[in-house]
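Before any comments, here is the structure.
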Amino acid sequence: MRQHVAWGKMTERKGSLLLAWQVKDKHCLVVGAGEVALSRIHHLLIAQAKVTVVTGITKDVHPEILALHTQGRLHNLVLRNYESEDLRMYEVGSLELDYTKISPQDYEEIANIANESFACVCCCIDDYDLSTKIYYQCKALRLPVNIADKPPLCDFYFGSMINKDNLQIMISTNGKSPRLSKLIKDNIAKQFEGVDVNNAIDNLGLIRSRLRELILIDDDLWGANKSGQDCQSFPKVPSARL
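Residue numbers (this note's numbering): 101 to 342.
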């Protein structure tokens, strides 16, 4: 008699935690000056990060990176080799607070100190020894880091992405097959050709906000009128569903 075993019991399912990481107005560091570095820069600029690029001593800085700097889109462009101190280049303050005893009066100071640190570091160089060193330096400083083409040395991956402002879709193979990710991305992107996705999402957002306002008003009426025969004749819709 043939025995059927569920796939979930036969194999361990593995994957990454896919998140919409907010780096707007936060410092992000890119080490490198080629095509891969440019790709990382574009992703970070779309997310409205403050991008600093350390190129290394090279004559082959990608012309588009130079153009982005000329246009004022980069926060900083450093045309020299990487130095260990670069990982803390914007840190000027230090926190002397006991985190177990912070109060609302401390929040602004904490936020300012936190914003001096890099939200993430992207290393896009061919030097294996140096990139490995950068990885462990970031670990020592507790900075999230991505070492290009070295999945074991990555806290996060850059998958194939569809960016249409309000709509963002990422396909990831956990660094195993970037080509497959791109093929899937291109297939999904075709579904939105000729569609004003941003306008549709804006309209849906307005409708959702209005519905939530109406439900809040309904909740207030419901609580105020406990005898509320009129209110109780209508079913309540949990606002969490909207």
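Even for Gly, the Cβ is constructed at its ideal location relative to N, Cα and C. Small disclaimer: the values here were computed from a predicted structure and weren't measured.
Endpoints, beta strand (DSSP E) assigned at residue i
{"i": "Lys285", "result": "Taken as a continuous stretch (DSSP letters only), Lys285 belongs to no beta strand (DSSP E), being part of the alpha helix (DSSP H) at Pro278 to Lys290."}
{"i": "Asn176", "result": "Asn176 to Val178"}
8 Å Cβ cutoff met for residue i and residue j
{"i": "Phe218", "j": "Leu179", "result": "no"}
{"i": "Ile141", "j": "Val130", "result": "yes"}
{"i": "Leu267", "j": "Ile213", "result": "no"}
{"i": "Tyr182", "j": "Val154", "result": "yes"}
{"i": "His143", "j": "Phe258", "result": "yes"}
{"i": "Lys290", "j": "Ile262", "result": "no"}
{"i": "Glu216", "j": "Val192", "result": "yes"}
{"i": "Cys220", "j": "Cys128", "result": "yes"}
Candidates the options: closest to residue i by CA position
{"i": "Glu185", "options": "Cys238, Gln268 and Ile210", "result": "Cys238"}
{"i": "Asp226", "options": "Lys290, Lys250 and Asp265", "result": "Lys250"}
{"i": "Thr158", "options": "His169, Gly134, Gly172 and Ser272", "result": "Gly134"}
{"i": "Ala147", "options": "Lys264, Ile307 and Tyr236", "result": "Lys264"}
{"i": "Phe292", "options": "Leu174, Leu195, Leu187 and Ile269", "result": "Ile269"}
{"i": "Lys126", "options": "Leu145, Leu118 and Lys114", "result": "Leu145"}
{"i": "Leu253", "options": "Ile271, Asp229 and Arg188", "result": "Asp229"}
Burial state of residue i (16 or more Cβ within 10 Å)
{"i": "Ile247", "result": "buried"}
{"i": "Val295", "result": "exposed"}
{"i": "Leu168", "result": "buried"}
{"i": "Val136", "result": "buried"}
{"i": "Ile234", "result": "buried"}
{"i": "Gly305", "result": "exposed"}
{"i": "Ser309", "result": "exposed"}
{"i": "Lys260", "result": "The residue asked about is misnamed: residue 260 is Ser in this sequence, not Lys. Buried, because 16 or more other Cβ atoms sit within 10 Å of the Cβ of Ser260."}
Residue range of the unbroken alpha helix (DSSP H) whose run includes residue i
{"i": "Tyr207", "result": "Tyr207 to Ala214"}
Runs of beta strand (DSSP E) wholly within the segment 219-269 (minimum 3 residues, chain order) = Those beta strand (DSSP E) runs which fall completely within the segment 219-269 and span 3+ residues are 220-223, 245-247 and 260-264.
Where in the segment 111-165 do unbroken runs of the alpha helix (DSSP H), each at least 4 residues long, occur, reported from the N-terminal end onward?
-> DSSP runs (the alpha helix (DSSP H)) wholly in the segment 111-165: 135-146.
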